[in-house]
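Comments concern the structure below.
Protein chains: 2
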Amino acid sequence: MTTASAVPKSPRRGRPGYDQDSVLEIAVQVFNRHGYDATSMGMLAVELGVSKSAIYHHVPSKGDLLRLALDEALVPLEAIGEDERAQKGGTIERLEFILRSTIRVLIDRQPYVTLLLRLRGNTEIERDALQRRRTVDHKIVDLVVAAQAEGKVRSDVEPRTTTRLMFGMINSLVEWYRPEGPVSPAQVEENAIAMIVDGLRARD
Amino acid sequence: MTTASAVPKSPRRGRPGYDQDSVLEIAVQVFNRHGYDATSMGMLAVELGVSKSAIYHHVPSKGDLLRLALDEALVPLEAIGEDERAQKGGTIERLEFILRSTIRVLIDRQPYVTLLLRLRGNTEIERDALQRRRTVDHKIVDLVVAAQAEGKVRSDVEPRTTTRLMFGMINSLVEWYRPEGPVSPAQVEENAIAMIVDGLRARD
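In order, the protein sequence lines correspond to chains R and P.
Going by full-length UniProt numbering, the first sequence opens with residue 1, and the numbers climb by one from there.
Going by full-length UniProt numbering, the second sequence opens with residue 1, and the numbers climb by one from there.
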């Protein structure tokens, strides 16, 4: 193995070495293609064009790879709630900030969020990640409840259902949205926020 | 095997016989649990507690089971577009009819729609089903275009993106919604339509 500093950022199979980020980038693709459970360290080694022991040089186990990959999605998603703009100001504005920021993380970290959204919860690492995701979701349910109490969100929607429907819409981006496609990330963000906050109906 | 008329509607493993509907009901569960590709006729036989030849008594192949299961989702989804209420009247009302009807099919045919939404397109039967699903989607894109041209849908959204976002929201129901849960099918339908058509923001 070469040292990390000597390694290109996006290596192809058969190149001599990888840093941990590059291993992670390829591992997440393999996990998403075959499913985490069905992926072995041997399959990853074949995909990377290195020996199994070379992978173990970077990460002690498949579980550690999973944990690192999930952090690539969870750390920025958790950071949204810690941002001042999610904590201060009008409830609708805070909700909009969280939704816009989530869309950006989904587009920016697409393969890692895909991995997170497809988790089954079969292992401790998966269950821990799902718990962290639920904590993020609960804060948003609380915000919808607060916005309703203030009269800023319509009173005829149920906060938990609303949160799941909003995230159903936003999370679907990882399955169909292509940043290189005809609609820019900024446009898809505006489109989603327009629909969620004000609806499709034209107003005069 | 007993004849179809002698068979209970929801049989359990080990009971002597099944009709085609019951085989289908169990097959779709196994497909959703393990994935279609990973499911063998042998696995289905074990799940049903019958011999492989008993399954072949009902359906000639695994592909036929898939096709029948996908029809359970696609036939009612396609019927929505054929309904008079999808074809006549105001564009917003037609869109709302289609969305409400789709939500009902998703809840009513949950396992079959789940199977449809998870298709990879590896076989001819899968590609055919995906093509039928795209045809349904295209009609809705056309309706959003028409509604915009009439000034009924806001002009700042992109019809194709809007359609994908709407269906991202609605399709997510198959993953998280439980009809026996605290929110009734009618409530979840109202909540989704309220958000899509008029948005979350309270109006005086």
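Every residue gets a Cβ at the ideal spot worked out from N, C-alpha and C, and that includes glycine.
Just so you know, these numbers come straight off a predicted model, no measurement behind them.
Among the options, the one whose alpha carbon lies nearest that of residue i
i, options, result
"D108 (chain P)", "P:T135, P:S53 and P:L74", "P:L74"
"G35 (chain P)", "P:P182, P:D137, P:D19 and P:N122", "P:N122"
"Q20 (chain P)", "P:K52, P:S53, P:Q87 and P:V59", "P:V59"
"G49 (chain R)", "R:A129, R:P182, R:S22 and R:R104", "R:S22"
"E189 (chain P)", "P:R134, P:A202, P:Y18 and P:S101", "P:S101"
"A129 (chain P)", "P:L77, P:H57 and P:G168", "P:L77"
"A69 (chain P)", "P:E25, P:A38 and P:V46", "P:E25"
"A186 (chain P)", "P:I103, P:R85, P:K88 and P:G42", "P:I103"
"R94 (chain P)", "P:S40, P:D142, P:A202 and P:V183", "P:D142"
"V144 (chain R)", "P:L200, P:F167 and P:V144", "P:L200"
"D83 (chain R)", "R:G168, R:P182 and R:V136", "R:V136"
"E175 (chain R)", "P:L165, P:Y177 and P:W176", "P:L165"
"P182 (chain R)", "P:D198, P:P182 and P:T161", "P:T161"
Contacts around residue i, its chain only, beta-carbon distance under 6 Å, and the 5 residues preceding and following it disregarded
i, result
"L173 (chain R)", "L106"
"K152 (chain P)", "T91 and I92"
"G81 (chain P)", "K139"
"E150 (chain P)", "T91"
Nonlocal neighbours in the same chain, by C-beta distance under 8 Å from residue i, ignoring five residues either side
i, result
"N32 (chain P)", "P111, T114, L115 and R118"
"A79 (chain P)", "none"
"E180 (chain P)", "none"
"N171 (chain P)", "L106, V113 and L117"
"E72 (chain P)", "L24, V28, R109 and Y112"
Beta-carbon proximity list for residue i, same chain, < 7 Å, skipping 5 on both sides
i, result
"I125 (chain P)", "G63, L66 and R67"
"L44 (chain P)", "A27, V30 and I55"
"residue 229 (chain R)", "Shown here, chain R extends from 1 to 204; a query on residue 229 (chain R) therefore has no answer."
"M41 (chain P)", "K52, I55 and K62"
"A147 (chain R)", "T91, I92, L95 and V153"
Cβ of residue i within 8 Å of any chain P Cβ
i, result
"S40 (chain R)", "no"
"G168 (chain R)", "yes"
"I196 (chain R)", "yes"
Any chain R beta carbon closer than 8 Å to residue i
i, result
"S184 (chain P)", "no"
"Q29 (chain P)", "no"
"N191 (chain P)", "yes"
"residue 211 (chain P)", "Chain P is shown from 1 up to 204; residue 211 (chain P) falls before or after that span and cannot be answered."
"L119 (chain P)", "no"
"A202 (chain P)", "yes"
"G199 (chain P)", "yes"
Neighbouring residues, chain B, relative to residue i (Cβ below 8 Å)
i, result
"A149 (chain R)", "Chain labels in this structure do not include chain B; the protein chains are R and P."
Residues within the segment 153-164 of chain R neighbouring chain P, beta-carbon criterion of under 9 Å: V153, R154, S155, D156, V157, E158, R160, T161, T162 and R164
Interface residues of the segment 102-115 of chain P facing chain R [CB-CB below 9 Å]: none
At least three beta-carbon pairs within less than 8 Å, the segment 149-163 of chain P to the segment 181-196 of chain R: yes
Short-range partners of chain P found in the segment 81-102 of chain R, where Cβ spacing is below 7 Å: I92
Chain R contacts from the UniProt domain "HTH tetR-type" (17-77) of chain P (Cβ-Cβ distance under 9 Å): G35 and A38
Contact set between the segment 124-139 of chain P and chain R, restricted to residues whose Cβ is under 7 Å from the partner: none
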